[in-house]
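Peer 1: Numbering (the numbering used here), first residue to last: 4 to 500.
Note that CB positions come from ideal geometry on N, CA and C, so glycine has one too.
Bear in mind the structure is a predicted one, so any value in this text is a computation, not a measurement.
Below are the structure tokens for one structure; questions will follow.
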Amino acid sequence: MPSDLLLEMRGITKAFPGVVANRDIDLEVRPGEVHGLLGENGAGKTTLMKILYGLVQPDQGSIAVRGNPAVITSPRDALRLGIGMVHQHFMLVPDMTVAENVALGLREGRTPLTRLGTVSKRIEALSKQYGFNLEPDDVVGSLSLGRRQRTEILKLLYRGADLLILDEPTAVLTPTESNELFSVLRLLASQGRSTIFITHKLDELIAVADRCTVLRDGKVIGSLVKAEMDQRVMARMMVGRDVVLRVPRLTLLPGDPVLVATHLSTVKGDRPVLNDLTFTVREREVLGVAGVDGNGQQELVEVLAGLVKPTAGGFTIHGSAAVIPADRHGDAIALSMTLSDNLVMTDIAKGRFRRRGLVRGDEVRRHGRRLLTEYDIRAPDLKMRASAMSGGNQQKAVLARSLYRQPRLLIAAQPTRGLDVGAIEYVYQKILDHKRAGGGTLLISTELEEILSLSDRVAVMVGGRLVAILDIHDVDLEKLGLLMAGAVQGPEPAAAS
4 MPSDLLLEMR
14 GITKAFPGVV
24 ANRDIDLEVR
34 PGEVHGLLGE
44 NGAGKTTLMK
54 ILYGLVQPDQ
64 GSIAVRGNPA
74 VITSPRDALR
84 LGIGMVHQHF
94 MLVPDMTVAE
104 NVALGLREGR
114 TPLTRLGTVS
124 KRIEALSKQY
134 GFNLEPDDVV
144 GSLSLGRRQR
154 TEILKLLYRG
164 ADLLILDEPT
174 AVLTPTESNE
184 LFSVLRLLAS
194 QGRSTIFITH
204 KLDELIAVAD
214 RCTVLRDGKV
224 IGSLVKAEMD
234 QRVMARMMVG
244 RDVVLRVPRL
254 TLLPGDPVLV
264 ATHLSTVKGD
274 RPVLNDLTFT
284 VREREVLGVA
294 GVDGNGQQEL
304 VEVLAGLVKP
314 TAGGFTIHGS
324 AAVIPADRHG
334 DAIALSMTLS
344 DNLVMTDIAK
354 GRFRRRGLVR
364 GDEVRRHGRR
374 LLTEYDIRAP
384 DLKMRASAMS
394 GGNQQKAVLA
404 RSLYRQPRLL
414 IAAQPTRGLD
424 VGAIEYVYQK
434 ILDHKRAGGG
444 TLLISTELEE
454 ILSLSDRVAV
464 MVGGRLVAIL
474 DIHDVDLEKL
484 GLLMAGAVQG
494 PEPAAAS
């Protein structure tokens, strides 16, 4: 039957053991529309999009594409219907060219498409049309993250996708690359193609979306058209209460150094990943490290945490230190263990929790109950498995374990990654509380608003180097973006440290 809608999802319900991820969800997308999808961690966004892309099957509900009922049991079904998805972690083969990656999975009749000349000509035309700056012979592994993302989008356009699902698409982009992506989405919309834009960055959604749908606890809370979009309203819809979106700046007089790094360098294999880093973090100060993900930030954390030895230079930590790892599930939380075990795992060998070589269960529980209250960790009891907790509560547990000892230095790597606006507000306050208590913080984040809100000074990292260290009053979003892209050079870092 004819319809003016490109996509209709009606009554979508999906339950997993112990949780209903989607509850009777309706979603409509019109041709030529950028449609935002908002919601806290665990609100049901990912499950809904996996259903649309054929990765998960709904328990109830129906899908119609261009007015026709659709059964989507696999990504191949979705692509046949003109639906494509760009995941946060790209599905590309680094050692292959752009043309080879695009050709993967293409078929002529029953046989794989092997004539790359035809593919290359089409790639050149699409790249020129959308300003992708991609050549068919470019090796994907040599491309920036932004250009790899364009390769993913180009793959879908080559296959004729009319509806693109973009999952947190700006997480790996500089501000300039984000604006270029928005221009591409507007061009696609002008041609009648549509995008579902999943993000937690409210300002970006307001900039690019025509409408947005907000999910909370697996249900649709409401939809807004562009004229109705307001950051405070959207945040309240997401979490069910008013949220402080920007923390007031806290300026204190810095004290003695808590971390001093001098000409710090290291390699992986034969490739330099940290190159001659010199900087200082002082008491009552937050030094933010800004940069596109993959420019040496993780390697810096590994060296400072003692996991990797520097190949040149060195660093000194004055006093105690705590690390909040970027990979919460891989490095910070043991998902199969209880909340109680996770709260004491770094201190379990200490005398407070042991007597005659045996763990003092009463003291472990007493400690856990105190941290549950002090850090507002939402869990029915300490026996709850970490895997059953929301991302926000998992991060609260990591913060509690790291900060209760009042370390002089906090190394916070991507501390709000994957968190909703309510949990982000909480993390910001804890970082500022640490600063008030006299601690110094090295904040490593790809969230530029986070860097600008919390930092006293900003170091910009490109290709494993610090290209600038600036006072926060000398930085704005545009300047930061240019530095991150390597388009301009800042003051000599060593002199500014």
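Taking residue 318 as part of the alpha helix (DSSP H), name the residues at either end of that continuous run.
Peer 2: First-last for residue 318: 315-320, but that is the beta strand (DSSP E), not the alpha helix (DSSP H).
Peer 1: Is it the case that the Cβ atoms of residue 423 and residue 395 are separated by a distance below 8 Å?
Peer 2: The answer is yes: Cβ separation under 8 Å.
Peer 1: I'd like to confirm the pairing. Which residues does DSSP put opposite residue 66 in its beta bridges?
Peer 2: According to DSSP, which records beta bridges pairwise, residue 66 is partnered with 12, 73.
Peer 1: Applying the 10 Å Cβ sphere with the 16-neighbour rule, what's the burial state of residue 38?
Peer 2: Buried, by the Cβ-count rule.
Peer 1: By a C-beta neighbour count over all protein chains shown, 10 Å radius and 16 as the cutoff for buried, is residue 36 buried or exposed?
Peer 2: Residue 36 is buried by the Cβ-count criterion.
Peer 1: Determine the extent of the beta strand (DSSP E) in which residue 216 is found, giving its start and end residues.
Peer 2: 214-219 is the span of the beta strand (DSSP E), which, as asked, contains residue 216.
Peer 1: What are the boundary residues of the beta strand (DSSP E) that includes residue 253?
Peer 2: Neither: residue 253 is in no beta strand (DSSP E) and is coded neither H nor E.
Peer 1: Would residue 313 pass as an interface residue toward chain D - the criterion being a Cβ-Cβ separation below 8 Å?
Peer 2: The structure shown contains no chain D; it holds only a single protein chain.
Peer 1: Which term fits residue 257, buried or exposed, when burial requires 16 or more other beta carbons within 10 angstroms of its beta carbon?
Peer 2: Burial call: buried.
Peer 1: State the beta-bridge partners of residue 460 as determined by DSSP.
Peer 2: Bridge partners of residue 460: 290, 474.
Peer 1: What would DSSP say about residue 239, mapped onto helix, strand or coil?
Peer 2: Here residue 239 sits in helix by DSSP.
Peer 1: Only counting the same chain, and skipping five residues up and downstream in sequence, which positions put a Cβ closer than 6 Å to that of residue 499?
Peer 2: At residue 499 the pLDDT is 46, less than 50, meaning the model places this residue with poor confidence; the figure from the coordinates comes in the next sentence. So the list reads 472, once near-sequence residues are dropped.
Peer 1: At the level of alpha carbons, what is the spacing between residue 516 and residue 401?
Peer 2: Lying outside 4 to 500, the shown extent of the chain, residue 516 is not represented and no answer is given.
Peer 1: Answer yes if the segment 279-298 comes into contact with the segment 250-270, meaning at least three C-beta pairs across the two stretches below 8 Å, and no otherwise.
Peer 2: Contact holds: three or more Cβ-Cβ distances are below 8 Å.
Peer 1: Specify the secondary structure class of residue 334 as computed by DSSP and reduced to three states.
Peer 2: Reduced to three states, the DSSP call for residue 334 is helix.
Peer 1: Here's the rule: buried if 16 or more other CB atoms are within 10 angstroms of the residue's CB, otherwise exposed. What is residue 376?
Peer 2: So residue 376 ends up on the exposed side.
Peer 1: For the segment 416-434 against the segment 320-333, do three or more pairs of beta-carbon atoms, one drawn from each stretch, fall closer than 8 Å, so that the two count as touching?
Peer 2: They touch, by the three-pair rule.
Peer 1: Following the continuous beta strand (DSSP E) through residue 386, name the residue where it begins and the one where it ends.
Peer 2: Run containing residue 386: none; DSSP gives neither H nor E here.
Peer 1: Would DSSP call residue 413 helix, strand or coil?
Peer 2: Strand at residue 413.
Peer 1: To the nearest angstrom, how far is it from the Cα of residue 318 to the Cα of residue 246?
Peer 2: Straight-line Cα distance between these residues: approximately 38 Å.
Peer 1: If I measure Cβ to Cβ from residue 336 and keep anything under 8 Å in the same chain, skipping five residues before and after, which residues do I get?
Peer 2: For residue 336, where only same-chain residues beyond five positions count, the Cβ hits under 8 Å are 345, 389, 397, 400, 401.
Peer 1: Buried or exposed, going by whether 16 or more other CB atoms sit within 10 Å of the CB of residue 282?
Peer 2: Looking at its Cβ environment, which holds 16 or more other Cβ atoms inside 10 Å, residue 282 is buried.
Peer 1: In the structure shown, what three-state DSSP assignment does residue 487 receive?
Peer 2: It is helical.
Peer 1: Between residue 59 and residue 316, what straight-line distance do the alpha-carbon atoms span, to the nearest angstrom?
Peer 2: Computed Cα separation, rounded: 50 Å.
Peer 1: For residue 280, does the three-state DSSP call read helix, strand or coil?
Peer 2: Of the three classes helix, strand and coil, the one that applies to residue 280 here is strand, per DSSP.
Peer 1: Is any heavy atom in the ligand ZN found nearer than 7 Å to the beta carbon of residue 101?
Peer 2: This structure lacks the ligand ZN; in fact it carries no ligand of any kind.
Peer 1: If residue 14 and residue 63 are in contact, beta carbons under 8 Å, what's the gap, nearest whole angstrom?
Peer 2: With a Cβ gap of about 6 Å, residue 14 and residue 63 count as contacting.
Peer 1: When DSSP labels each residue in this structure, what does residue 52 get in the three-state scheme?
Peer 2: Three-state result, residue 52: helix.
Peer 1: Go through its chain and collect everything with a Cβ distance to residue 176's Cβ below 6 Å, but skip five positions before and after it.
Peer 2: Around residue 176: 149.
Peer 1: With distance defined between alpha-carbon atoms, name the residue in 466, 197, 272, 94 nearest to residue 163.
Peer 2: Answer by Cα proximity: 197.
Peer 1: Taking the Cβ atom as the reference point for each residue, do residue 100 and residue 141 lie within a distance shorter than 8 Å?
Peer 2: Taking 8 Å as the Cβ cut-off, residue 100 and residue 141 qualify as a contacting pair.
Peer 1: For residue 312, does the three-state DSSP call read helix, strand or coil?
Peer 2: In the structure shown, residue 312 sits in coil (DSSP, three-state: anything other than H, G, I, E or B).
Peer 1: At a cut of 8 Å, does the segment 48-59 reach the segment 203-210 through at least three beta carbon pairs?
Peer 2: Too few Cβ pairs lie closer than 8 Å, so no.
Peer 1: Of the residues 307, 185, 270, which one's Cα is nearest the Cα of residue 264?
Peer 2: Here the closest residue by C-alpha is 307.
Peer 1: Excluding the five sequence neighbours on either side, which residues of its own chain have a C-beta within less than 7 Å of the C-beta of residue 437, listed in chain order?
Peer 2: Once the five neighbours on either side are set aside, the close Cβ partners of residue 437 are 406, 413, 444.
Peer 1: So, helix, strand or coil for residue 44, using DSSP?
Peer 2: Residue 44: coil per DSSP, three-state reduction.
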